[in-house]
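In what follows, a structure is listed as C-alpha cells, so that the remarks can point back to it.
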Amino acid sequence: MSIFSRLTSLFSPMGYPISEVLAYVVESAMLAIVASVSLAVVIYLFRKYMARVQLRIGPNRVGKFGLLQVMADGLKLAGKESIFPRKRDDLPYRIAPLMILVGLVMAFAVIPYGSLFWIGTLTVSDTSVSVLLLFAIIAIMPIGEVLAGISSKNKYALLGAMRAIAKDVSFEIPMMISVLAIVMMASARTASSLSINSIVLTELVPYGILQPLGIFVFMISMVARASYTPFDMGESDSELVTGYSTEYSGLRFGMFYMGLFGSILLGSFVISLFYLGGFNGPMQSSLGFVWLVIKAMIMVFMAFTLWLSMPRIRIDKFVNLGWKYLLPIAMINLVLSGTLTLLMGW
Amino acid sequence: MVRLVIEVKEPRRSIPIIGSLSGMMLVMRHLFRKPVTVQYPEEKSKLPDRFRFRIFLKLDDCVGCTLCEQVCPNGSITMQHVDRENPRNKRMIYPDVNFGTCTVCRNCEEICPTDAIYLTHVFETSRTRNSFTYSPEELAMQEDEVKK
C-alpha cells in the first residue's frame, strides 16, 4: 500500500477517472511541499555544518538559530529579476532549471520510505520496476544541465556543459553496473527484484557489507551525480564563473541550487536504501522511516564532509578515474557478488 | 659558465584514499572546536591591557602650552579658544582632536607637562561623516555623552 493507492481509494466515491486524477494532483502537491521543505532543511544543515567546520557560527540572525535564513534567501531569489541573455535559445533556456527540479521531485516519488507509527507506509508510489524508473529519472537531470549550458550562448556555460557531459558519461556506467550487482543479489531472494521496496526487504544483511566495492563505486557516482566539490566540473566556479548556470539569475538560479542539494539528499537516500539496509532496523513496522532518515542523514553529513575537505579534481583525471578504475572495480564487484550469491548462498 | 640544474623531486606516492580519509577526519574534528567568531555588538572580545585609542582631556589641568599641537605628527590637534575660567590657563586655549587623522601615536600624552591629555581604552567612537573632530569640551566628556 502506497500513499497513492490510499488516496485513490479515498477519492473512489467520485468514480474512476476523477479519483485517479485527484490522487495524482494531491500526491504531487504533497510531494512538492515535502521535497522543498526537506531541501531547505538540508541547505540549512549544510550552511551550519560548513560554518562550524570552518570555526564560524553560520546563519543565526533570521529566526531562532537562523532557521528562517533559507526561507529568506528563497524569498530574495524569488523577488529578483530574471535576466535573460539576448542570444539565448528560449525554450531550452527556460525549461532547463525546471527539468532539474522536476526530475528531482519525481525521483523522490519513486523511493520507498518505510512506515511510521499509525500513519502507515510513507512510500508515495510503488511500482514493480522502481529501480529502472529511479535511474531513468536520475538520467534526466544531466540533460537539464546540458540544455542550460548550451542554450545560454555563453562560453563559460558551454564549457561547463561540456565538462558536465564528460563527467556524466564517465560515472553512469559504473553506477549502473554496481546497481546491477544489487539487483542480481536481490533476485536470488525475491521474485520482484526490480522493485526497490522488495530489494530493501531482502536486505537482512546490508548489501554494503556484502559489496564493499559496490558501495565505494556507487558513493563516488552519487557524488558525481550531485556534482559537488570533488567532482563539480559542471560548475567549476574558480575557472568557469559558475559553469552551466552562469547566465541564470533569480528563481531559475535558485532551482539549480535546490537541484544540487536535492541531489545530495536523493543520493543519500538511494545509498542508504541500496547499501545500508534502508528502513530495516529494530521495530521496523513503526520506526522504519526513522531508520531510513537516520541512515540518510549520516550519508548527507559524509557528503558534506567530503565536499568541505577536498579540492576539485581535474576533468581528465576524473574521466580516467571513471573509465580506468571505477568501471573495472564495478565489474569485479559484479563477479564477486555473483560468486557470493551462487556459490556461498549469501 | 655554470649551469644551474634545479632538481625536482617526485612527490612521495601513497595510497590515494588514505589521504582523503584523513582529510575528512580533520574536517570532522574541527566540528568540535569553539568558533573563533565574536558577535561584535552583543559580545566583545577582551582587549589587551595596554590598548589605547580615545583621547581624553582634563580641562582643569590643561595649561594651554600648545606642546601637544606641536608634537602631533599629522596635525590632528589644533588649539581652540574656550571661554572658561582657569587660573592656570590664562590664554584660554585648549586642544581639539580630529580622530579622522589621529594615528594614536601617543606623543601628546607623553609630552603633556600636566598629564591633562591622556588616552584610554575606549574605542567605539563611530560618528556621522565630517564630524570626526572632538572639541575640547567633548574631549572632557565620557564617550556616551558626546553628541555624535
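So the protein sequences, as listed, match chains A and B.
Residue numbers 1 to 346, in my numbering, belong to the letters of the first sequence in order.
Residue numbers 347 to 494, in my numbering, belong to the letters of the second sequence in order.
Beta carbons are placed, not taken as given, at the ideal position from N, Cα and C, and that holds for glycine.
Find out if the Cβ-Cβ distance for the pair G114/A, G288/A is shorter than 7 Å. yes
Strand pairing of F402/B, partner residues [DSSP]: Y464/B
Interface residues of chain B facing R6/A [CB-CB closer than 7 Å]: Near R6/A there are no residues of chain B at all, since even the closest Cβ is about 41 Å away, more than 7 Å.
S125/A and S2/A closer than 7 Å at C-beta: yes
With DSSP collapsed to three states, give me the class of Y275/A. coil
Measuring alpha carbon to alpha carbon, tell me which of T121/A, L260/A and M106/A ends up nearest P112/A. T121/A
Just the chain A side, please: which residues come within less than 7 Å of M370/B by C-beta, in chain order? T305, L306 and S309
In chain A, which residues lie with their C-beta within 7 Å of the C-beta of R359/B? Per Cβ cutoff of 7 Å: no residues; R359/B is ~15 Å from chain A at best.
Validate contact between the region 326 to 333 of chain A and the region 70 to 84 of chain A using beta carbons, cut 8 Å, 3 pairs: no
Interface partners of R56/A on chain B, CB under 9 Å: P381, V382 and T383
Residue-chain proximity (L377/B, chain A), Cβ-Cβ < 7 Å: yes
Chain-ordered chain A contacts of S366/B [CB-CB under 9 Å]: P230, L306, S309 and M310
Shortest alpha-carbon distance to R375/B belongs to which of K87/A, Q54/A, P142/A and E20/A? Q54/A
For the region 39 to 63 of chain A, enumerate the residues whose C-beta is nearer than 9 Å to any C-beta of chain B, in chain order. Y49, A51, R52, V53, Q54, L55, R56, I57, G58 and N60
Through-space distance from G338/A to I315/A, alpha-carbon basis: 33 Å
Along chain A, in chain order, which residues have C-beta atoms closer than 9 Å to that of M374/B? V53, F301, T305 and S309
Hey, out of G144/A, A166/A, F11/A and A51/A, whose CA is closest to M233/A's CA? A166/A
Continuous alpha helix (DSSP H) stretch holding I423/B: start and end: First-last for I423/B: I423 to H427, but that is the beta strand (DSSP E), not the alpha helix (DSSP H).
What are the boundary residues of the beta strand (DSSP E) that V443/B is part of? I439 to N444
Supposed close pair N60/A, T123/A - CB separation, criterion 8 Å: Rounded, the Cβ-Cβ distance is 36 Å, inconsistent with contact.
Thinking just about the alpha-carbon of each residue, which of L465/B, V354/B, F378/B and L405/B is nearest to the one in E431/B? L405/B
For the alpha helix (DSSP H) holding S309/A, just list the boundary residues, first then last. Q284 to S309
Taking the beta carbon of P13/A as the centre, do at least 16 other beta carbons fall within 10 Å, making it buried, or is it exposed? exposed
Which of the three DSSP states, helix, strand or coil, is assigned to Y244/A? helix
Assign L116/A to one of three DSSP states: helix, strand, or coil. strand
One question on the structure: do G292/A and G277/A come within less than 7 Å of each other, judged by their Cβ atoms? The question names Gly, but residue 292/A is Leu in the sequence shown. Not in contact: L292/A and G277/A (Cβ atoms no closer than 7 Å).
Please report how far the alpha carbon of I182/A lies from the alpha carbon of V70/A, in whole angstroms. 37 Å
Per DSSP, cross-strand counterpart(s) of T121/A: S115/A
Of the choices R52/A, A148/A and F231/A, whose alpha-carbon is the least far from that of S310/A? According to the sequence displayed, residue 310/A carries Met and not Ser. Minimum Cα distance to M310/A is reached at F231/A.
On the DSSP bridge list, what partners appear for T479/B? N444/B
Is it true that the CB of P394/B sits closer than 7 Å to the CB of I301/B? Here chain B has residues from 347 to 494 only, and residue 301/B is not among them.
Should E239/A be labelled buried (16 or more other beta-carbon atoms within 10 Å of its own) or exposed? exposed
Assigned secondary structure, L343/A (DSSP; H/G/I helix, E/B strand, else coil): helix
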